[in-house]
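Okay, so here's the structure we're looking at.
There are 2 protein chains.
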Amino acid sequence: MHQAASLITYGCHGCPMRGCGVCRTLSNADMSSIGIVGRAVPAGQDLFSQGERCGDVFNILDGWVFLYELLEDGRRQILQFGLPGDFIGLRPSGRASFFGAQALSRVSLCAIPRHRLLDLARHRPELAFELVRIVASEESQAYERLTALGRKTALERVATLLLELFYRIRRRAPQTAGEILRIPVTQTHLADALGLTPVHVNRTLGVLRQRGVIDYGNGLFHILAPHRLFEIAGIDADTCPWAGSEERPPLSIH
Amino acid sequence: MHQAASLITYGCHGCPMRGCGVCRTLSNADMSSIGIVGRAVPAGQDLFSQGERCGDVFNILDGWVFLYELLEDGRRQILQFGLPGDFIGLRPSGRASFFGAQALSRVSLCAIPRHRLLDLARHRPELAFELVRIVASEESQAYERLTALGRKTALERVATLLLELFYRIRRRAPQTAGEILRIPVTQTHLADALGLTPVHVNRTLGVLRQRGVIDYGNGLFHILAPHRLFEIAGIDADTCPWAGSEERPPLSIH
DNA sequence: CGCGATTTTGAGCACCTTCAATCCGTGTGG
DNA sequence: CCACACGGATTGAAGGTGCTCAAAATCGCG
Numbered sequence: 045m046h047q048a049a050s051l052i053t054y055g056c057h058g059c060p061m062r063g064c065g066v067c068r069t070l071s072n073a074d075m076s077s078i079g080i081v082g083r084a085v086p087a088g089q090d091l092f093s094q095g096e097r098c099g100d101v102f103n104i105l106d107g108w109v110f111l112y113e114l115l116e117d118g119r120r121q122i123l124q125f126g127l128p129g130d131f132i133g134l135r136p137s138g139r140a141s142f143f144g145a146q147a148l149s150r151v152s153l154c155a156i157p158r159h160r161l162l163d164l165a166r167h168r169p170e171l172a173f174e175l176v177r178i179v180a181s182e183e184s185q186a187y188e189r190l191t192a193l194g195r196k197t198a199l200e201r202v203a204t205l206l207l208e209l210f211y212r213i214r215r216r217a218p219q220t221a222g223e224i225l226r227i228p229v230t231q232t233h234l235a236d237a238l239g240l241t242p243v244h245v246n247r248t249l250g251v252l253r254q255r256g257v258i259d260y261g262n263g264l265f266h267i268l269a270p271h272r273l274f275e276i277a278g279i280d281a282d283t284c285p286w287a288g289s290e291e292r293p294p295l296s297i298h
Numbered sequence: 045m046h047q048a049a050s051l052i053t054y055g056c057h058g059c060p061m062r063g064c065g066v067c068r069t070l071s072n073a074d075m076s077s078i079g080i081v082g083r084a085v086p087a088g089q090d091l092f093s094q095g096e097r098c099g100d101v102f103n104i105l106d107g108w109v110f111l112y113e114l115l116e117d118g119r120r121q122i123l124q125f126g127l128p129g130d131f132i133g134l135r136p137s138g139r140a141s142f143f144g145a146q147a148l149s150r151v152s153l154c155a156i157p158r159h160r161l162l163d164l165a166r167h168r169p170e171l172a173f174e175l176v177r178i179v180a181s182e183e184s185q186a187y188e189r190l191t192a193l194g195r196k197t198a199l200e201r202v203a204t205l206l207l208e209l210f211y212r213i214r215r216r217a218p219q220t221a222g223e224i225l226r227i228p229v230t231q232t233h234l235a236d237a238l239g240l241t242p243v244h245v246n247r248t249l250g251v252l253r254q255r256g257v258i259d260y261g262n263g264l265f266h267i268l269a270p271h272r273l274f275e276i277a278g279i280d281a282d283t284c285p286w287a288g289s290e291e292r293p294p295l296s297i298h
């Protein structure tokens, strides 16, 4: 069993994600038997493409990815951003995925053969449970974004997304307690996530900057007035489940 | 064990959903021990409200429901429609749900205590697995709708939603092979699902009617030219996974 | 028949888009 | 060291899709 571990580029021992998500529920022997493979993906490259069959699920160790769907004429919708600690690609199943996943920055990740993980889940209720928790959390985020795209103005959407990313980063890296974030996305990425044009995202960010709520440049975002950003986003900071700084994942089933 | 079954208004024996979704994975003894309760909800009433804790998950037996999120100022986004056979309310977990669920028509359903279902899932990998499958399917639908709201025009959105509902109904009730659907929603509901105003939904439906693609009235929708509806929606009927008439659920993990 | 809810239609407006040009920072090659 | 190219950010002007406000028509229902 254990010699299989030598295949692993990023050894599970010492892996920063060893205690997170799916990996938390697996023993070292499980890990080895499943055949996890570490990999690095350069910025801009697809982990898997729309319409492609991908037999792996991915655990992001470092870097950012995004899930996207393309329409025939090239319009792109970004469905989700994946940060370190996120688990990507569970849904595509055996058939062709209707969305793709692309690296925003250089990404290092674990590739886990889906069918082996699912086989294991058949004998490990805790694992299957963890999968439910993960997918349910993703679904909640998708629902929140639906509300943003369907019913919020451009200003509200931008503020909402910035807050979401802000807190997702902070939860993962509480030591980065400052309000300055490195977000490796272009304004075009934000536009495709928000259902806007890059031009209008630019103008909207400009408004937030002029109002002194944020500052940005060089891939860095500085949240100057989080409280006002909540106001603008139309989110009640007190009742918002994920706004509570470095806590547990937003959704805990059971 | 079995006397608990007497508490069940809608007995599981003979239940049309006995072989569907979660129920498929449960024995009759499981059913009894879990304490399922049948219930009827009148049209317009909430199964659970936004901000409320709801200890049950629901299996829709008959009628339609919708999940929705309200903003402070009353703007409403419909996140999902629930049809007979759908499983609703898994996500809210122990904490307050950020969305509500309301009956569109008179609905009969099974209410299942969430913690009991999840406790059982700890010992029944098949059940936990089925939950993953269900939530993953919901997530896929949420992603598709995100693309519609973010990147499709009003005409494309309306066509997309009609097709989705059309095929979801047909999959559940293949005998209703005709293209006439009873959809118990107002144009305002469609608007709130599509991120549009009721007025503009009306005009858009009018365009589709004028073009001879659909006809409607009295809560009935008649799909006159499905093929053209696919064109307008920007969906390739051949590669679309859920368009394949009365097949299995769109997503099969493993 | 009359009331409320829903659908339909009209006119004007606004948010966001489209098209286009410029600016800026970075990397590359002469 | 500078010219150049390139991707991204920024800004301007004009146009359109979808919104707002408002009223009329239609439908369901008591």
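The listed protein sequences correspond, in order, to chains Z and U.
With the first sequence counted from 1, adding 44 to any position gets you my numbering.
With the second sequence counted from 1, adding 44 to any position gets you my numbering.
Backbone N, C-alpha and C define an ideal beta-carbon position, used for all residues, glycine too.
It should be emphasised that the depicted structure is a prediction, and the values quoted were computed from it without experimental measurement.
- Under the 10 Å beta carbon count, U/G256 is surrounded by fewer than 16 other beta carbons and is classified as exposed.
- Any Cβ of chain Z closer than 8 Å to the Cβ of U/R166 would place that residue at the interface, and such an atom is present.
- Only exposed fits U/G263, as fewer than 16 other CB atoms lie within 10 angstroms of its CB.
- Excluding sequence positions up to five before and after U/V245, its CB lies within less than 6 Å of the CB of Q231, L234, A235, all in the same chain and listed in chain order.
- Ranking Z/C67, Z/L273, Z/H266 by CA distance to the CA of Z/A155 puts Z/C67 first.
- Sorting U/S152, U/F125, U/I267, U/L148 by C-alpha distance to the C-alpha of U/P228 places U/L148 at the top.
- Shown here for Z/E113: same chain residues with a beta carbon closer than 8 Å to its own, the five before and five after excluded, namely Q94, R120, Q121, L123, F142, F143, G144 in chain order.
- Within chain Z, the residues whose beta carbon sits less than 8 Å from that of U/R189 are L190, listed in sequence order.
- Residue-level contact check: U/F173 touches chain Z, since one or more beta carbons of chain Z fall below 8 Å from its beta carbon.
- Every beta strand (DSSP E) of 3 residues or more that sits fully in the segment 87 to 152 of chain U is shown, in chain order, as 90 to 92, 100 to 106, 109 to 114, 120 to 126, 144 to 147.
- Across the structure, Z/L199 and U/P60 are spaced so that their CA atoms are roughly 47 Å apart.
- DSSP, reduced to helix, strand and coil, places U/A198 within a helical segment of the structure shown.
- DSSP, read as helix, strand or coil, puts Z/V81 in strand.
- Residues of the same chain with their beta carbon placed closer than 7 Å to that of U/T283 are lacking, with the five preceding and five following residues left out of the count.
- In this structure the segment 174 to 191 of chain U touches the segment 177 to 187 of chain Z; the number of beta carbon pairs closer than 8 Å is three or more.
- Leaving aside the five residues that flank U/G88 on each side, none in its chain has a CB nearer than 6 Å to its CB.
- Close partners of U/E182 in chain Z (Cβ separation under 7 Å): E183.
- With fewer than 16 other Cβ atoms inside 10 Å of its own Cβ, Z/R97 counts as exposed.
- Between Z/T204 and Z/I258 the beta-carbon gap is near 13 Å, outside 8 Å, which marks them as no contact.
- Interface criterion met: the Cβ of Z/V176 is under 8 Å from a Cβ in chain U.
- Secondary structure of U/H167 (DSSP, three-state): helix.
- Looking at the DSSP output, U/A155 bridges to U/V81, U/F102.
- With the rule of 3 Cβ pairs closer than 8 Å, the segment 167 to 175 of chain Z counts as touching the segment 164 to 178 of chain U.
- DSSP places U/D259 in the uninterrupted beta strand (DSSP E) bounded by 258 to 261.
- DSSP places Z/I213 within a helical segment (H, G or I) once states are collapsed to three.
- Beta-carbon to beta-carbon, U/V101 and U/L161 are separated by about 6 Å, close enough to satisfy the 8 Å threshold.
- The beta-carbon of U/G79 is placed no less than 8 Å from the nearest beta-carbon of chain Z.
- Of the candidates Z/T197, Z/G58, Z/R135, Z/R135 places its Cα closest to the Cα of Z/I178.
- Using a Cβ-Cβ cut-off of 8 Å, U/R160 does not count as an interface residue toward chain Z, since no Cβ of chain Z sits closer than that to its own.
- DSSP places Z/H266 inside the beta strand (DSSP E), whose first and last residues are 264 to 267.
- Z/E223 and Z/Y260 have their alpha carbons spaced roughly 11 Å apart.
- If you compare the alpha carbons of Z/S181, Z/E182, Z/G79, Z/R201 with that of Z/L238, the shortest gap goes to Z/R201.
- Residues are counted here when their Cβ sits less than 7 Å from a Cβ of chain Z; for the segment 91 to 112 of chain U the count is zero.
- In the three-state reduction of the DSSP assignment, U/I224 falls in the strand class, which pools E and B.
- At a Cβ-Cβ threshold of 8 Å, U/G129 and U/I104 count as neighbours.
- Annotated three-state conformation of Z/S181 is helix, per DSSP.
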